[in-house]
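In the working numbering, the protein residues as written are 21 to 459.
Some notes on the structure that comes next.
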Amino acid sequence: MKRSLLPLLILVSALLYLSGCTDNCQQVRTFRKYTPVQITLADLRKAVSSGAPQPLEEPGKLYVKDQYLFVVEVKKGIHIFDNSNPANPRNVAFLNIPGNVDLAVRDNILYADSYTDLVALDISNPAAVREVNRTETGFTNGTVGRTSWWYNAQEQKIQDTKEEIATETIQTDCEGTFNVLPYIAAIPWFGRYYFQGDFFGYSQLASKASTAPTTPTTGVGGSMARFAIQNNQLYVVSTSALQLFDISEPAKPLKGKKAQLSWNVETIFPYRNNLYIGTTTGMYIFDASNPAEPKQLAAFPHARACDPVVVHDNYAYVTLRSATTCGSAQARDVLDIVNVSNPANPSLVKSYPLKTPYGLGVDFPTLFVCQGDNGLAVFDISNPTNPEPRQTFANVHAFDVIPLSKVLLMVGKDGLYQYDYSNPSDLRMLSRIAVKTPI
């Protein structure tokens, strides 16, 4: 019996010896952590509140109404700043709105998305905002940057994903190999798959306003918006539809007709009596001369790419960005200049090469183009079809802009900037509100 145990004891001893020779190393890594979360509709509809000012953490869409500046905190709510002095904006309040990505304002009513709902808020006193109405949008899912959400009708719950920066100590093999899953991975949560994507772009449910107020009581938003107010209609685009809301009585938005669009709709921009809708496969033009019955006039196709659009006079300026979840190998990073003098027959005039373009804004004869990590580019478009470079800011992250009364508002992942562009060849920074911790 003892002899039969001897080989086994020798083998065990050898294994223990070898394991003792294995190096034990640790490395500290900082990474994006994704955690599935749920919220019931009942809890969602009790969550909207007005509170004390909060620091910027993940700024999203911009909107301006009178002296107030509204900045979305992605999927959390809206910061309100008193921007009477652009050189010293004052943080007034924070609106807690779960699932919020976009907004628009008519009179003293702010419209904001909250996952599946459209919420109407009275902002007469920005320090004490109150909810006055809520209606369902009919949208049941959305993708915002790197995360997605969807509505589980059977359980009456929103299924979402929380993104945060985490730091962990990881055991390695002393050659730098983590004993964990890779950083970028497709992981099934709630029966769906999520991938790392853009910082903001490819958003799904929410925002818009116009290049200039159509009436003195409507605010101004940026080119990445999914909400647009024109006449007495609030237009909201989802990934595949244009939903109308009658806001003749601003505090009582009434859900109207829905127009089906192609897949991967991204932005909406109203100009004169038309709506310009950006998608990953092209630009759609709708006639909104009858505001409650918009009719499609044309579709201007392009290679699959992210596609915000602004319009001035007879030309639409469209940025196409390829190196993202909404791009393709055939797409290029360009500014397309499209002749829309006949909106039913748009035609490409010129493509101008850019670097990772995002949102853009025009205050003729100046065009501002955001280029993500490549900064902000400023062009002279006195000749609308031949943009001339005037200035580039390479040390900022630029996502979207609003040029208004010679003050340029620009938002990026590192904060909110304001510039005096009285001299478009020599922009002067007025103020910067930095983010607390960039995500």
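Positions of the beta carbon are idealized from the N, C-alpha and C atoms, including for glycine.
With distances taken Cα to Cα, identify the nearest neighbour of residue i among the options.
{"i": "residue 114", "options": "87, 73, 278, 264", "result": "73"}
{"i": "residue 156", "options": "171, 148, 167", "result": "171"}
{"i": "residue 310", "options": "304, 322, 292", "result": "292"}
{"i": "residue 312", "options": "369, 381, 251", "result": "251"}
{"i": "residue 415", "options": "434, 429, 428", "result": "434"}
{"i": "residue 290", "options": "314, 320, 148, 183", "result": "314"}
{"i": "residue 57", "options": "417, 183, 276, 111", "result": "183"}
{"i": "residue 59", "options": "437, 173, 52", "result": "173"}
{"i": "residue 119", "options": "92, 395, 390", "result": "92"}
{"i": "residue 54", "options": "151, 89, 167, 145", "result": "167"}
{"i": "residue 176", "options": "143, 61, 107", "result": "61"}
{"i": "residue 181", "options": "189, 188, 161, 191", "result": "161"}
Does residue i come out as helix, strand or coil in the three-state DSSP assignment?
{"i": "residue 62", "result": "helix"}
{"i": "residue 252", "result": "coil"}
{"i": "residue 332", "result": "strand"}
{"i": "residue 447", "result": "coil"}
{"i": "residue 94", "result": "coil"}
{"i": "residue 233", "result": "Residue placement at residue 233 is flagged as unreliable, the pLDDT there being 40, under the threshold of 50; the coordinate-derived value follows with that caveat. In this structure, residue 233 counts as coil in the three-state DSSP scheme."}
{"i": "residue 87", "result": "coil"}
{"i": "residue 220", "result": "Residue confidence is low: residue 220 scores 26 on pLDDT, short of 50, so the model does not pin down where it sits. Its coordinate-derived value is still stated next. DSSP places residue 220 in coil when its eight states are reduced to three."}
{"i": "residue 204", "result": "The predicted model places residue 204 with a pLDDT of 36, which falls under 50 and marks its position as unreliable; any figure quoted below should be read in that light. In the structure shown, residue 204 sits in coil (DSSP, three-state: anything other than H, G, I, E or B)."}
{"i": "residue 409", "result": "strand"}
{"i": "residue 131", "result": "strand"}
{"i": "residue 52", "result": "strand"}
{"i": "residue 124", "result": "strand"}
{"i": "residue 384", "result": "coil"}
Tell me, to the nearest whole angstrom, how far the beta carbon of residue i is from that of residue j; I am working on the premise that it is less than 8 Å.
{"i": "residue 243", "j": "residue 125", "result": "No, residue 243 and residue 125 are not in contact; Cβ-Cβ is about 17 Å, not under 8 Å."}
{"i": "residue 83", "j": "residue 123", "result": "5 Å"}
{"i": "residue 335", "j": "residue 295", "result": "Contact doesn't hold; Cβ gap of about 16 Å is too wide."}
{"i": "residue 97", "j": "residue 111", "result": "Not really, about 13 Å apart at Cβ, beyond 8 Å."}
Spatial neighbours of residue i within its chain, please: C-beta separation below 8 Å, excluding the five flanking residues on both sides.
{"i": "residue 87", "result": "102, 103, 104"}
If I measure Cβ to Cβ from residue i and keep anything under 7 Å in the same chain, skipping five residues before and after, which residues do I get?
{"i": "residue 232", "result": "The predicted position of residue 232 is uncertain, since its pLDDT is 40 and thus under 50; a value taken from the coordinates is nonetheless stated next. Taken in chain order, the residues that qualify are 240."}
{"i": "residue 259", "result": "224, 283, 284, 285"}
{"i": "residue 448", "result": "439, 440"}
So what does residue i bridge to, in DSSP terms?
{"i": "residue 47", "result": "190"}
{"i": "residue 394", "result": "In the DSSP output, where bridge partners are listed per residue, residue 394 has none listed."}
{"i": "residue 265", "result": "254, 275"}
{"i": "residue 170", "result": "161, 179"}
{"i": "residue 307", "result": "294, 315"}
{"i": "residue 301", "result": "Its beta-bridge partners do not exist; DSSP assigns none."}
If you drop the 5 nearest sequence neighbours on each side, which residues of the same chain put their C-beta closer than 6 Å to that of residue i?
{"i": "residue 228", "result": "Annotation note: pLDDT 36 at residue 228 (below 50); position unreliable, no value reported."}
{"i": "residue 270", "result": "126, 127, 129"}
{"i": "residue 383", "result": "423"}
{"i": "residue 211", "result": "Bear in mind that a pLDDT of 29 at residue 211, under 50, signals an unreliable position, so the number given afterwards is only what the model happens to contain. So the list is empty, once near-sequence residues are dropped."}
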